[in-house]
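With full-length UniProt numbering, the residue at position 164 of the sequence shown is 164, and numbering never jumps.
Working notes, structure below.
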Amino acid sequence: MTKQNSGKTTLLRRQKLAVLLHSSDPNLLFPTHHLPENNDDYSDHRRSNASSLSPNMSSASSPVHFMSPINQTPSPYTKSPWILPHFDNAGAGDLHNTGLIGSLVREGGHIYSLACSGDLLYTGSDSKNIRVWKDLVEFSGFKSSSGLVKAIVVSGDRIFTGHQDGKIRIWKYSNKKHHKKSTYKRVGSLPTTKDYIKTSMNPNNYIEVRRRRNVPWNRHYDAVSCMSLDNEQGLLYTGSWDKSLKVWRLSDSKCLESVNAHDDAVNSVAVGFACLVFTGSADGTVKVWRRELVGKTTKHVLVNTVLDQESAVTAVVVGGSGAAVYAGSSDGLVNFWEQGKQSLSHGGVLRGHKLAVLCLASPGSLLLSGSADKSICVWRRDGGGMHTCLSVLYGHTGPVKCLAVQERCEKQQQDDEQDDQQDEQKDLKWIVYSGSLDNSVKLWRVSEQPELCNC
């Protein structure tokens with residue numbers, strides 16, 4: 001490869017994800033030689049196998065073959081109701097375990113972020129609106145002047161939103177009697193105005209972010225792309241396109257630490273097990289940080305870089321069981337690592353998408369991956385690190401940008417499965433929310449033990 005071509009490759013790899021997502025050209029989301037000839041025909045013969053070998057090794061050489069819709073042989077999942085492109089509420093009850101429940105469509109722009117808490121769903125878009133939904137109906141909402149909403153997390157009665165302009169807002173629910181409609185009120189920001197002013201008054205608190213530009217260390221100066229809560233420690237982690245990872249204490253909204261985490265935009269952060277935090281970046285790396293006591297203060301120390309590749313890392317998630325860490329990339333692959341006695345070991349690669357993986361969620365023993373190819377792959381983690389592709393969810397007409405999951409409540413399960421209570425105890429079911437750049441949010445019913453259709 002010539003130096004000129006190498007430079008072009010590096011430049012493409014380090015384009016911020018927003019540049020890719022705002023373009024309708026699929027060539028920007030995936031290398032041209034990997035594009036399908038006709039994306040509309042991409043349904044029954046999906047390549048969604050997994051390799052227990054190196055991320056760079058061909059899946060064809062893997063000694064393990066997983067049950068999934070792969071290669072050229074017909075799959076028992078081909079006729080599964082999960083892959084029907086259209087499914088309305090009237091027919092949802094016909095599905096015993098899985099299927100599309102409904103869609104939320106609002107003229108409010110592309111959906112960039114989702115969060116669910118109790119029976120409420122929060123959606124963030126590029127219209128600067130945060131909408132609140134309850135039982136498939138718009139319940140409330142609030143608007144910020146801080147740019148499109150790239151991340152939402154809920155902690156108790158507070159909602160934290162991360163924005164394109166680098167600001168983090170804090171909101172609370174207000175249920176005053178004189179209000180005809182339930183409202184939300186902004187109650188603060190990160191950092192607090194007091195802390196920001198105090199920090200900015202000391203020249204030693206400034207860091208250089210660009211040539212001839214210095215800013216206070218306790219504030220993001222570029223888009224806040226991701227957030228993750230550590231409820232046990234009372235901490236909020238935020239990642240930004242300014243390449244930094246910041247740690248906030250929830251009790252007083254104080255910024256405890258700012259870490260120069262990556263050489264390019266931080267696209268994802270995930271709180272893990274054993275005081276570990278994982279970050280994924282447009283620089284192609286996944287880094288592992290450990291919270292340690294250094295002197296009299298607690299610092300986050302880099303302990304490992306588990307992935308270093310050309311393709312940007314777009315999403316990182318820790319498995320619901322805590323046994324694995326997953327990282328999705330712009331090349332359409334999902335790498336995963338398993339927790340060992342001493343360290344993390346690379347477990348393999350999941351191949352289920354033709355375009356970039358944009359989001360991940362991992363409830364229970366499942367992994368869900370949303371992609372620019374408009375689909376959602378549903379994987380189940382089995383014993384020994386094996387993964388089975390249970391099915392593929394279709395329905396969106398644009399890239400799937402975000403996912404949120406909640407366990408189905410006891411009443412929902414009883415209503416659906418009164419005749420099989422014993423099986424219900426063995427079969428966890430989830431409500432999956434998927435947000436897309438097609439301006440919609442879809443609700444799916446997902447089971448860890450789906451019913452297979454006889455072919």
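Every residue, glycine too, gets a C-beta built ideally from N, C-alpha and C.
Between the options, which has its C-alpha nearest residue i's C-alpha?
i: glutamate 310; options: Leu443, Cys226, His387 and Thr285; result: Thr285
i: glycine 102; options: Glu292, Ser434 and Asp308; result: Ser434
i: valine 392; options: Asn129, Ser240 and Leu367; result: Leu367
i: isoleucine 159; options: Lys194, Trp289 and Cys116; result: Cys116
i: alanine 372; options: Leu355, Gly385, Met386 and Thr388; result: Leu355
i: alanine 324; options: Val446, Val277 and Lys429; result: Val277
i: leucine 302; options: His353, Val154 and Lys287; result: Lys287
i: glycine 188; options: Ser251, Glu138 and Val137; result: Ser251
i: valine 266; options: Met386, Tyr237 and Ser362; result: Tyr237
i: threonine 192; options: His163, Ser140, Arg249 and Ser155; result: Arg249
i: glutamate 448; options: Lys442, Glu138 and Val432; result: Val432
i: isoleucine 152; options: Val137, Arg169, Glu138 and Ser140; result: Arg169
i: serine 140; options: Trp430, Ser330, Thr98 and Arg106; result: Arg106
i: lysine 172; options: Gln164, Leu358 and Tyr184; result: Tyr184
i: aspartate 119; options: Val137, Lys194 and Gly109; result: Val137
i: serine 369; options: Gly383, Leu333 and Lys341; result: Leu333
i: aspartate 157; options: Ser174, Gln233 and Leu443; result: Ser174
i: lysine 194; options: Cys255, Lys341, Thr161 and Arg186; result: Cys255
Please return the same chain residues whose Cβ sits closer than 6 Å to the Cβ of residue i, not counting the five positions on each side in sequence.
i: aspartate 263; result: Asp283
i: histidine 33; result: The predicted position of histidine 33 is uncertain, since its pLDDT is 37 and thus under 50; a value taken from the coordinates is nonetheless stated next. Hits under 6 Å: none found.
i: serine 268; result: Cys226, Gly280, Ala315 and Val316
i: glycine 319; result: Ser362
i: serine 228; result: Tyr237, Val269, Ala270 and Val271
i: arginine 210; result: none
i: residue 459; result: Only positions 1 to 455 of the chain appear in this structure, which leaves residue 459 out of reach.
i: serine 440; result: Ser103 and Val105
i: glycine 108; result: Ser125, Ser127 and Asn129
i: histidine 353; result: Gly332, Ser371 and Asp373
i: lysine 442; result: Ser103, Gly395 and Ser434
i: glycine 383; result: none
Based on the DSSP secondary-structure assignment, which residues constitute the bridge partners of residue i?
i: leucine 368; result: Ala361 and Val378
i: aspartate 263; result: Bridge partners of aspartate 263: none, in fact.
i: isoleucine 197; result: Paired residue(s): none; isoleucine 197 is not in a bridge.
i: phenylalanine 336; result: Tyr326 and Gly348
i: valine 286; result: Gly280 and Leu307
i: glycine 188; result: Ile170
i: aspartate 230; result: Leu235
i: arginine 211; result: Note: arginine 211 sits in no beta bridge, so no partner.
i: residue 494; result: Nothing can be reported for residue 494: it is not among the residues displayed for the chain, which extend from 1 to 455.
i: residue 456; result: A question about residue 456 goes unanswered here, because the residues of the chain that appear run from 1 up to 455.
i: glutamate 138; result: Trp133
i: glutamate 448; result: In the DSSP output, where bridge partners are listed per residue, glutamate 448 has none listed.
i: arginine 291; result: His300
Taking 7 Å as the limit between beta carbons, can you name the residues of its chain near residue i, skipping five residues before and five after?
i: proline 216; result: Tyr196, Thr199, Ser200, Asn205 and Tyr206
i: aspartate 438; result: His396, Thr397 and Gly398
i: lysine 143; result: Lys128 and Asn129
i: cysteine 275; result: Arg290 and Arg291
i: serine 258; result: Trp217, Asn218, Ser244 and Lys246
i: serine 436; result: Ile111, His396, Gly398, Pro399, Val400 and Lys401
i: serine 330; result: Ser311, Ala312, Thr314 and Ala356
i: glutamine 164; result: Gly147, Leu148, Lys150 and Ala223
CB-CB under 8 Å to residue i, same chain, minus the five flanking residues each way: which ones, in chain order?
i: glycine 166; result: Arg219, His220, Tyr221, Asp222, Ala223, Val224, Ser240 and Asp242
i: asparagine 214; result: Tyr206, Ile207 and Glu208
i: arginine 381; result: Gly319, Ser321, Ala323, Ala324, Ser365, Leu366, Leu367 and His387
i: arginine 212; result: none
i: asparagine 260; result: Lys243 and Ser244
i: serine 155; result: Leu229, Asn231, Leu236 and Leu250
i: asparagine 304; result: Lys287, Val288, Ser343 and Leu344
i: valine 294; result: Val301
i: phenylalanine 273; result: Val318, Gly322 and Gln339
Return the Cβ separation of residue i and residue j in integer angstroms, given the expectation that the two are a contact with Cβ distance under 8 Å.
i: leucine 190; j: serine 113; result: Actually they do not touch by this definition, with Cβ atoms about 16 Å apart.
i: isoleucine 111; j: lysine 401; result: 6 Å
i: glycine 359; j: leucine 307; result: In the sequence on display, residue 359 carries cysteine and not glycine. Not quite, the Cβ-Cβ distance comes to about 17 Å (not below 8 Å), so this is no contact.
i: leucine 100; j: tryptophan 444; result: 6 Å
Does at least one heavy atom of the ligand GTP sit under 6 Å from the Cβ of residue i?
i: glycine 348; result: As far as ligands go, the structure on display features none, and thus does not contain the ligand GTP.
Is residue i close to chain D? Criterion is C-beta to C-beta, closer than 7 Å.
i: glutamine 309; result: No chain D appears in the structure shown, which is made up of a single protein chain.
Worksheet item: Quick one: any contact between the stretch 135 to 152 and the stretch 202 to 210, if contact means 3 or more CB pairs under 8 Å?
Response: no
Fill in: Stretch pair the stretch 345 to 352 + the stretch 393 to 409: three plus CB contacts closer than 8 Å
At 8 Å Cβ cutoff, the stretches do not touch.
Discussion item. Under 8 Å, with one C-beta from each stretch per pair, do the stretch 113 to 123 and the stretch 131 to 144 reach the 3-pair mark?
Written reply: yes
Item to complete: For the stretch 331 to 338 and the stretch 289 to 298, state whether three or more C-beta atom pairs, one from each stretch, are separated by less than 8 Å.
Response: no
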